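Under the working numbering, the first residue of the sequence shown carries the number 2, and numbering increases by one thereafter. Virtual Cβ for every residue (Gly too), placed ideally from N, Cα, C. As the structure is a computational prediction, the values presented were derived from the model and not from experiment.
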Amino acid sequence: MSCPPASAPSAAAEASAQRYQWAVLAAVLRQGRLIDGCSNALAGLALLVLAALATTAWPWPSQLGLWAALGLAISLLAALAQKLTAARTAIDAQLLHWLACHASDAQQAASQLDAALQALGLRPGHATTPPRSWPQRQRACLQLLRRQAGWLLAQAAALVLALALLAT
Numbered sequence: 002m003s004c005p006p007a008s009a010p011s012a013a014a015e016a017s018a019q020r021y022q023w024a025v026l027a028a029v030l031r032q033g034r035l036i037d038g039c040s041n042a043l044a045g046l047a048l049l050v051l052a053a054l055a056t057t058a059w060p061w062p063s064q065l066g067l068w069a070a071l072g073l074a075i076s077l078l079a080a081l082a083q084k085l086t087a088a089r090t091a092i093d094a095q096l097l098h099w100l101a102c103h104a105s106d107a108q109q110a111a112s113q114l115d116a117a118l119q120a121l122g123l124r125p126g127h128a129t130t131p132p133r134s135w136p137q138r139q140r141a142c143l144q145l146l147r148r149q150a151g152w153l154l155a156q157a158a159a160l161v162l163a164l165a166l167l168a169t
């Protein structure tokens, strides 16, 4: 994605630094696509194993097979949670990229962003709720990416456990 050139070479250093922070954070959040891709691969594997279990071992002859199926189901639920978190992470990355390219005043951008999110029903709270500071927003964005990675780890752990149960 390319940004238009800065409107004025005499822009304040603080505004320029804020735009760089937004651009860096957007780039970091775009790494959520890698997490999402790994999750898709694990979900595909879980679905294949579950389909193989359903066609070859139905009804499951052992209680281990039932536990393995439960582990696969938990892995798929974690994949769904990761997918929802990935969508939110991608939205934040796009918003931050847009801000880095087009916004010049951080406070005005915060107010306008909150107003737009409020109008669409995407920001909980009341219209009188004060906007969060940019450091708070940045921490929340990074927390969202960590949550996405956490769902991937939970998905992988449940899948590994299910496969280990099937191997016994």
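- Rank Gly122, Asp93 and Ala155 by C-alpha distance to the C-alpha of Leu143 and give the top, closest one. Ranking Gly122, Asp93 and Ala155 by Cα distance to Leu143 puts Asp93 first.
- Query: Can you list, in chain order, the residues of its chain whose CB lies under 8 Å from that of Lys84, leaving out five sequence neighbours each side?
  - Reply: Hits under 8 Å: Asp37 and Ser40.
- Item | Where Cys102 falls: helix, strand or coil (DSSP) | Note: Cys102 maps to helix in three-state DSSP.
- Is Leu43 closer than 9 Å to Leu153 when the C-beta atoms are compared? Less than 9 Å divides the Cβ of Leu153 from the Cβ of Leu43.
- Query: Is it buried or exposed for Ala56, if we count other Cβ within 10 angstroms and need 16 for buried?
  - Reply: Sequence check: residue 56 is Thr here, not Ala. The residue is exposed, with fewer than 16 neighbouring Cβ atoms inside 10 Å.
- How would you call Gln137, buried or exposed, if buried means at least 16 neighbouring beta carbons within 10 angstroms? In the assembly as shown, Gln137 is an exposed residue. Its beta-carbon has fewer than 16 other beta-carbons within 10 Å.
- Query: Which class does Ser40 belong to by DSSP, given the choice of helix, strand or coil?
  - Reply: In the three-state DSSP reduction, Ser40 falls in the helix class (H, G or I).
- Query: Thinking C-alpha only, which one of Ala163, Ala141, Leu121 and Ser76 is nearest Thr90?
  - Reply: Selected option, being the one with the closest Cα: Ala141.
- With distances taken between CB atoms, is the gap from Ala24 to His98 smaller than 9 Å? Yes, they are a contact pair.
- Task: Mind checking which residues open and close the alpha helix (DSSP H) that includes Pro136?
- Result: Judged by DSSP secondary structure, Pro136 falls within the alpha helix (DSSP H) whose first and last residues are Trp135 to Ala168.
- Which class does Gln119 belong to by DSSP, given the choice of helix, strand or coil? Here DSSP, grouped into helix, strand and coil, assigns Gln119 to helix.
- Kindly give me the distance between the Cβ atoms of Ala159 and Ser76, rounded to whole angstroms, as I take these residues to be in contact under 8 Å. About 4 Å separates the two Cβ atoms, so the contact holds.
- Message: Applying the 10 Å Cβ sphere with the 16-neighbour rule, what's the burial state of Arg147?
- Response: In the assembly as shown, Arg147 is an exposed residue. Its beta-carbon has fewer than 16 other beta-carbons within 10 Å.
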